[in-house]
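A quick write-up on the structure given underneath.
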Amino acid sequence: MVHLSAALMKSPRRFIDSVRIVARGGRGGNGIPKYGGIGGKGGDIYLEAVEDYSLLKLKNFFPSQRFVGHSGGNSKRFQILGAPGEDTIILCPSGVTAVANNKVIGELNRVGEKLLISKGGCGGGPQNGFIGQKGQSLPLTLDLKLLADVGFVGYPNAGKSTLLKALSNAKPKIANYPFTTVAPNIGILCYEDYRKITAADLPGLIEGAHMNCGMGHKFLKHCMRTKILLFVVDLDGFRLNPNTPHRTPFETVMLLNRELELYDEELVLKPAILAINKIDMDEDEQKFQKLKEELKLYKNNVQQLPDDFRPNSLVKFDSIIPISAKDDINIEILKQKIRTLIDIYQEEKTTRYQLESSSSQHKDTDVIYM
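Start counting the sequence shown at 1018; every next residue gets the next number (my numbering).
Next up, the structure:
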């Protein structure tokens, strides 16, 4: 096996979750008609998921993004069977989906997994006039979905980055304006018993994200691989700019729910927690209680909203927690709730596996209000 690697190099700190490459298997070796010699098969090309790797490294190490397999050896008078070409392995991170001609040809979800993406050509023999054949050539898109235990969902400026910093050791960019987060930030929640949980702060959504509006739609796919979702909503609601309408907290929750549903209905079935952020004044408790009542009476209140606000299926929040990420209010409670819900999720998943059930329905739990 030939492993494609390169010395580490400095590169701009950027995040990419999609790369286009072209892979062509090695050419088969020629045969010898006189002796009936068979040429060696061309080398195949594989993807292999490894730790501590990224698509950015792949792109920087191999700027041409073209990979050609090793040719098979020609048949020789004293070596009738030509030597097969060595296989080529392209390193990539786990979580990559390989897509060719708009069709998924495979996924690499765990470190160590391999995926054949391009076959080497046949060696020359009687069936092809002893002429070695070209290897398979395939343009591919490598699409990455981050693997995190918790995915943050919310509109811009809801305080997701501040919350990630409060919960973990991450140091995301934080500012008092929308779209501070332009790429996913990963933080690690550490517990006293050394348990660790990963959380991904994704760029904020805007209305119409499922139709490729704004930046957030590019990262909705990362929610698919998280175990649970953490909705982060500003107690005062959301307004993108002076030219757009103000959305109340209830409308914000409904719109976020709707965006996820339109992107993929499976997302609204995930276990979820709702964190109502920026509760740091005495009068905020009254606002929070009002929102709780609106959510309890969801079926009545949603009828008052425009049709495009109304989700078909409501996310079932295991907990609704008032917090202030800035002032560290209820952060420890939220941290423990995250752990508990992940443990419940894992227990349910294990039970389903043991029962060999094909169903992946989300358990209908009671809403817990803090």
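By construction, the Cβ of each residue, glycine as well, lies at the ideal position given by its N, Cα and C atoms.
Is residue i helix, strand or coil by DSSP?
| i | result |
| --- | --- |
| P1339 | strand |
| K1151 | coil |
| L1184 | helix |
| T1359 | A small correction: the amino acid at residue 1359 is Ile; Thr does not occupy that position in the sequence shown. If DSSP states are grouped into helix, strand and coil, I1359 belongs with the helices. |
| I1033 | coil |
| T1368 | helix |
| E1310 | helix |
| I1350 | helix |
| K1093 | strand |
| V1128 | coil |
| Y1172 | coil |
| Y1063 | strand |
| F1334 | strand |
| N1202 | strand |
| S1178 | helix |
| D1160 | strand |
| L1072 | helix |
| K1304 | helix |
Just to confirm, is the Cβ distance from residue i to residue j under 7 Å?
| i | j | result |
| --- | --- | --- |
| I1038 | L1157 | yes |
| V1036 | L1125 | no |
| G1060 | E1103 | yes |
| S1135 | L1155 | yes |
| I1290 | D1335 | yes |
| V1285 | V1270 | no |
| G1204 | S1185 | yes |
| D1345 | D1297 | no |
| K1058 | G1090 | no |
| A1165 | A1342 | no |
| G1048 | F1169 | no |
Return the Cβ separation of residue i and residue j in integer angstroms, given the expectation that the two are a contact with Cβ distance under 8 Å.
| i | j | result |
| --- | --- | --- |
| I1338 | N1347 | 6 Å |
| G1043 | G1138 | 7 Å |
| F1267 | G1171 | Contact doesn't hold; Cβ gap of about 15 Å is too wide. |
| K1287 | L1331 | So it is not a contact: roughly 13 Å between Cβ atoms. |
| L1351 | K1295 | Not really, about 14 Å apart at Cβ, beyond 8 Å. |
| L1064 | P1110 | The Cβ separation is near 10 Å, so there is no contact. |
| I1391 | L1206 | The chain is shown from 1018 up to 1387; residue 1391 falls before or after that span and cannot be answered. |
Do you know offhand how far residue i's Cα is from residue j's?
| i | j | result |
| --- | --- | --- |
| L1279 | E1300 | 35 Å |
| F1084 | N1274 | 42 Å |
| I1033 | G1046 | 38 Å |
| E1282 | P1328 | 10 Å |
| T1243 | L1308 | 27 Å |
| K1051 | H1087 | 26 Å |
| A1040 | P1201 | 29 Å |
| V1113 | H1239 | 11 Å |
| N1318 | I1214 | 35 Å |
| A1024 | L1072 | Confidence at A1024 is low in this model, with a pLDDT of 40, below 50, so its placement is unreliable and the value that follows should be read with caution. Spanning the two alpha carbons is a distance of roughly 15 Å. |
| K1316 | V1128 | 44 Å |
| K1074 | A1066 | 13 Å |
| T1105 | Q1153 | 13 Å |
| Y1208 | G1140 | 58 Å |
| L1181 | A1100 | 55 Å |
| E1311 | K1304 | 11 Å |
| L1272 | F1326 | 6 Å |
| K1313 | I1122 | 44 Å |
| D1210 | E1365 | 23 Å |
| P1143 | L1133 | 27 Å |
| D1010 | V1167 | Given a span of 1018 to 1387 for the chain in the structure shown, any question on residue 1010 remains unanswerable. |
| T1357 | Q1363 | 10 Å |
| L1390 | S1092 | Since the first residue of the chain shown is 1018 and the last is 1387, residue 1390 is not available in this structure. |
| I1257 | P1220 | Reading off the sequence, residue 1257 comes out as Leu, not Ile. So the alpha carbons of these two residues sit roughly 14 Å apart. |
| A1292 | L1108 | 38 Å |
| N1118 | Q1306 | 51 Å |
| M1241 | E1302 | 33 Å |
| F1095 | G1149 | 19 Å |
| T1368 | P1262 | 46 Å |
| A1115 | Q1321 | 44 Å |
| E1349 | L1277 | 27 Å |
| K1120 | S1081 | 23 Å |
| N1260 | L1237 | 25 Å |
| F1078 | D1069 | 14 Å |
| G1254 | R1212 | 34 Å |
| P1173 | K1076 | 30 Å |
| N1145 | K1131 | 30 Å |
| G1176 | A1216 | 14 Å |
| R1264 | Q1353 | 30 Å |
From the beta carbon of residue i, is the nearest beta carbon of chain C less than 7 Å away?
| i | result |
| --- | --- |
| D1061 | Protein chains in the displayed structure number just one, and chain C is not present. |
| task | Entirely within the segment 1212–1291 and at least 3 residues each: give me those beta strand (DSSP E) ranges in chain order. | result | 1213–1218, 1245–1251
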